[in-house]
Amino acid sequence: MAAPPPKQEELQPHAVRDQLPAVSYCLTSPPPWPEAILLGFQHYLVMLGTTVIIPTALVPQMGGGNEEKARVVQTLLFVAGINTLLQSFLGTRLPAVIGGSYTFVAPTISIVLAARYSGVADPHEKFLRTMRGTQGALIVASTLQIIMGFSGLWRVVVRLLSPLSAAPLVALVGFGLYELGFPSVAKCIEIGLPEIILLVALSQYIPHLVPLLGTAFERFAVIMSVAIVWLYAFFLTVGGAYKNAAPKTQFHCRTDRSGLVGGAPWITVPYPFQWGAPTFDAGECFAMMAAAFVALVESTGAFIAVSRYASATPCPPSVMSRGIGWQGVGILLAGLFGTANGCSVSVENAGLLGLTRVGSRRVVQISAGFMLFFSILGKFGAVFASIPGPIIAAIYCLLFAYVGMAGVGFLQFCNLNSFRTKFILGFSLFMGISVPQYFNEYTSVAGFGPVHTHARWFNDMINVVFSSKAFVGGATALLLDSTLHRHDSTARKDRGHHFWDRFRSFKTDPRSEEFYSLPFNLNKFFPSF
Numbered sequence: 000m001a002a003p004p005p006k007q008e009e010l011q012p013h014a015v016r017d018q019l020p021a022v023s024y025c026l027t028s029p030p031p032w033p034e035a036i037l038l039g040f041q042h043y044l045v046m047l048g049t050t051v052i053i054p055t056a057l058v059p060q061m062g063g064g065n066e067e068k069a070r071v072v073q074t075l076l077f078v079a080g081i082n083t084l085l086q087s088f089l090g091t092r093l094p095a096v097i098g099g100s101y102t103f104v105a106p107t108i109s110i111v112l113a114a115r116y117s118g119v120a121d122p123h124e125k126f127l128r129t130m131r132g133t134q135g136a137l138i139v140a141s142t143l144q145i146i147m148g149f150s151g152l153w154r155v156v157v158r159l160l161s162p163l164s165a166a167p168l169v170a171l172v173g174f175g176l177y178e179l180g181f182p183s184v185a186k187c188i189e190i191g192l193p194e195i196i197l198l199v200a201l202s203q204y205i206p207h208l209v210p211l212l213g214t215a216f217e218r219f220a221v222i223m224s225v226a227i228v229w230l231y232a233f234f235l236t237v238g239g240a241y242k243n244a245a246p247k248t249q250f251h252c253r254t255d256r257s258g259l260v261g262g263a264p265w266i267t268v269p270y271p272f273q274w275g276a277p278t279f280d281a282g283e284c285f286a287m288m289a290a291a292f293v294a295l296v297e298s299t300g301a302f303i304a305v306s307r308y309a310s311a312t313p314c315p316p317s318v319m320s321r322g323i324g325w326q327g328v329g330i331l332l333a334g335l336f337g338t339a340n341g342c343s344v345s346v347e348n349a350g351l352l353g354l355t356r357v358g359s360r361r362v363v364q365i366s367a368g369f370m371l372f373f374s375i376l377g378k379f380g381a382v383f384a385s386i387p388g389p390i391i392a393a394i395y396c397l398l399f400a401y402v403g404m405a406g407v408g409f410l411q412f413c414n415l416n417s418f419r420t421k422f423i424l425g426f427s428l429f430m431g432i433s434v435p436q437y438f439n440e441y442t443s444v445a446g447f448g449p450v451h452t453h454a455r456w457f458n459d460m461i462n463v464v465f466s467s468k469a470f471v472g473g474a475t476a477l478l479l480d481s482t483l484h485r486h487d488s489t490a491r492k493d494r495g496h497h498f499w500d501r502f503r504s505f506k507t508d509p510r511s512e513e514f515y516s517l518p519f520n521l522n523k524f525f526p527s528f
C-alpha cells in the first residue's frame with residue numbers, strides 16, 4: 000500500500016531564526032545558583048586543556064622545568080580569569096572565555112630560537128630572558144587590537160560580513176582545529192576513545208532514554224565523563240599498566256606525569272613583571288603583531304558562534320569592535336604578567352555553550368572566579384590541570400564540532416541553489432584547509448616555512464598568517480563576497496545580506512540593548528553605534 004502524500008505544511012522548509020531556539024538559558028537568563036556554579040566549574044575544566052598544553056609545549060624549549068611550567072600555567076590561568084571578567088562586563092558582554100591561543104605559539108617559538116639566546120648556558124637564565132622577550136613582543140602586539148578595536152576600525156570590517164562570508168570563517172574556527180582532536184586522542188587510545196564514547200552517550204543518548212534525569216546528563220556530561228575516565232586512567236596508572244611502556248606513552252597516559260602538582264606552590268599570586276623587565280626586539284614585535292591580527296580574526300568568528308549559542312541576536316559591529324579592544328587589553332595583561340602566550344576567545348568553551356544549551360553570562364563569570372581561585376591556590380589547581388591530554392582531546396572532538404556547525408548554520412540565510420553561493424562557499428572552505436596544510440607540511444619537513452628570506456621577522460609574519468585556516472578561509476570568503484557581483488540585487492539576497500541589515504547598527508534592533516548594553520549606565524559615556 001502506497002504511503003499517503005505529504006501534507007503541504009510538511010513540504011515547507013525550516014523557518015529562518017536570527018536567534019537559536021531550544022536554548023535552556025540565554026545570555027541574560029541565569030540558571031539557579033547551584034546549577035550555575037557547577038556549570039561554571041565545567042567551563043573551568045574545559046579551558047584547562049589549552050592552559051596546560053601551551054606551557055607544556057613552550058616552557059621546556061625556553062629552558063624551564065616543572066616549577067617554571069607550573070608558575071606559567073598559574074599565571075595564564077590568572078590572566079584568563081581577569082580577561083574573561085573584563086570581556087563579560089565591559090567587552091562584548093557575551094559568555095566568552097578569553098584564554099590562551101595557539102596562534103601565538105609559532106612567534107613565541109621563533110623568539111625562543113633567536114640567536115641572541117643561543118649562547119646562554121644556564122637553563123633558568125635562558126628561560127627568564129626568553130620570557131622577557133615574549134613579554135616585550137606581546138606588549139607591543141597588544142596595541143594592534145587596542146587601536147583597531149577602540150577606534151572603531153574593526154567595526155568597518157565587521158559591517159562587510161554577510162551570513163555567506165561569516166559561514167566559512169566560523170566553521171573553520173571550529174573545524175580548523177581538527178589536529179587537536181583525534182590525533183591527540185590516539186596518543187593514548189585506551190583512555191581517549193572511552194571518553195569520546197562516554198561523552199556522546201551521556202550528552203546525546205541518555206537524556207532521551209532517561210527523561211527524568213535527562214537535563215542533568217545533558218548539562219553536566221563533561222564533568223561526569225571526565226571524572227569516570229580520569230578515575231579509570233588512575234587505576235591503570237597505579238595498577239602498573241604503563242610500567243614498561245615507552246616514555247611517550249607514559250607521558251600521555253599516566254595521571255602522574257604532568258609534573259604540575261610537584262612543581263606548583265601552595266599559594267602564590269601572579270604579579271606584573273614577575274620574571275623581570277620586558278625586552279624589546281623590533282622584528283619579534285612585528286611577528287607577534289601578525290599573530291595578534293590573526294587572533295583578532297579568529298576571535299571575531301568565535302564571538303559570532305558564542306552569540307549564536309547564547310541565543311542572542313548577531314553581535315552589532317560596534318560591540319564586536321569594543322570586544323576586540325578589550326581583548327587587546329587582555330594581550331597587554333598577558334605581556335605584563337608574563338604568560339609566554341597571547342589570548343583569544345576559547346573555542347572549546349564556545350562549543351560547551353552548544354553542548355549544554357546554556358548560554359548564560361553569569362555561568363562564564365563564575366568560571367572566571369574558579370580560574371582566579373585555582374591560580375592562587377596552586378596545588379589544588381594543579382590537580383585538575385594534570386588530567387591526561389587524550390581525555391581533553393576527546394572533549395575537543397565534540398566541542399570544536401559544535402563551533403564549526405554554528406558556522407554551517409548561517410547557511411540557512413543563504414540561497415544554496417545559487418552558483419555564486421556555491422563557488423564562494425566551496426572555494427573559501429577548500430582554500431582555508433588547503434593553504435595552511437601546505438604551510439604546515441612544508442614547515443614539518445624543512446624545519447622552516449615556505450617564506451624563507453633573510454628577514455626572520457618577515458618570514459614569521461607571513462607564515463603565521465597563512466597557517467591559520469580560519470583567517471585564510473574567512474578572508475577569501477569576505478573578499479569574494481564583497482567583490483563578486485557586488486551591486487546585483489539578486490546576489491545581495493542570495494548571500495543573506497538583508498537578514499543582517501537591522502543588526503549592523505546598535506540602535507536598529509531593540510534586542511541589542513538587552514543583550515549588549517554596558518552595566519552601570521556606562522553606555523552614556525561609551526555609546527555604541
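The sequence shown runs contiguously to residue 528 in numbering that gives the first Met the number 0.
Cβ atoms here follow ideal geometry from the backbone N, Cα and C, with glycine treated the same way.
Treat the numbers as computed from the prediction; the structure is a model and nothing was measured.
Check	Outcome
Alpha carbon of Lys6 to alpha carbon of Glu512, nearest angstrom	41 angstroms
Of the residues Cys25, Ser28, Phe40, Pro31, the one placed nearest Gly368, counting alpha carbons only	Phe40
The region 384–397 contacting the region 181–198, beta-carbon criterion three pairs below 8 angstroms	yes
CB of Val318 within 9 angstroms of CB of Thr91, strictly	yes
Same chain, Cβ closer than 6 angstroms to Ala301, neighbours up to 5 away in sequence not counted	Val172, Val344, Val346, Ala349
Residue range of the unbroken beta strand (DSSP E) whose run includes Ile580	Outside the modelled stretch of the chain, which goes from 0 to 528, sits residue 580, for which no answer is possible.
Selection from Arg115, Val199, Leu371, Arg158 that minimises the alpha carbon distance to Thr278	Arg115
Which residues DSSP lists as bridging Tyr177, in chain order	DSSP lists no partner for Tyr177.
Whole-Å CB distance - Val529 paired with Thr338, under 8 angstroms assumed	Because the chain spans 0 through 528 in this model, residue 529 falls outside it and cannot be assessed.
Between the CA atoms of Arg360 and Pro29 - distance to the nearest angstrom	7 angstroms
Which of helix, strand or coil DSSP assigns to Gly118	coil
Beta-ladder partner(s) of Ser343, from DSSP	Gly98
The region 464–481 in contact with the region 156–171 per 3-pair CB rule at 8 angstroms	yes
Where Val51 falls: helix, strand or coil (DSSP)	helix
For Tyr530, three-class secondary structure by DSSP	With the chain covering only 0 through 528, there is no way to say anything about residue 530.
Span separating the alpha-carbon of Ile560 from that of Gly213	Residue coverage of the chain in this structure runs from 0 to 528, which leaves residue 560 outside it and unanswerable.
Length at least 3, wholly inside the region 155–225: the beta strand (DSSP E) runs in chain order	none
Per DSSP, the bridge partner or partners of Tyr24	Val357
Counted within 10 angstroms of its Cβ, other Cβ atoms place Pro106 as buried (16 or more) or exposed	buried
Cβ shell of Ile146 (< 8 angstroms), same chain only, five flanking positions each side left out	Leu152, Gly327
Inter-residue Cα distance where the pair is Phe216 and Ile36	16 angstroms
Outcome for Arg510 when other beta-carbon atoms lying within 10 angstroms are tallied against a minimum of 16	exposed
Sequence-distant residues of its chain with Cβ nearer than 7 angstroms to Trp456 (five each side left out)	Gly282, Glu283, Phe285, Ala286
Assumed close pair Ala309, Leu352 - CB separation to whole angstroms, cut-off 8 angstroms	6 angstroms
Nearest to Gly148 (by Cα), restricted to the options Gly377, Ala113, Gly324, Phe502	Gly324
Leu478 - DSSP class collapsed to helix/strand/coil	helix
Arg503 to His496 span [Cα, whole Å]	10 angstroms
Three-state class that DSSP yields for Arg503 in the structure shown	coil
Backbone secondary structure at Gln364 - three-state DSSP	helix
Thr420: first and last residue of the uninterrupted alpha helix (DSSP H) it sits in	418–445
Selection from Ala333, Phe383, Val450 that minimises the alpha carbon distance to Ala136	Ala333
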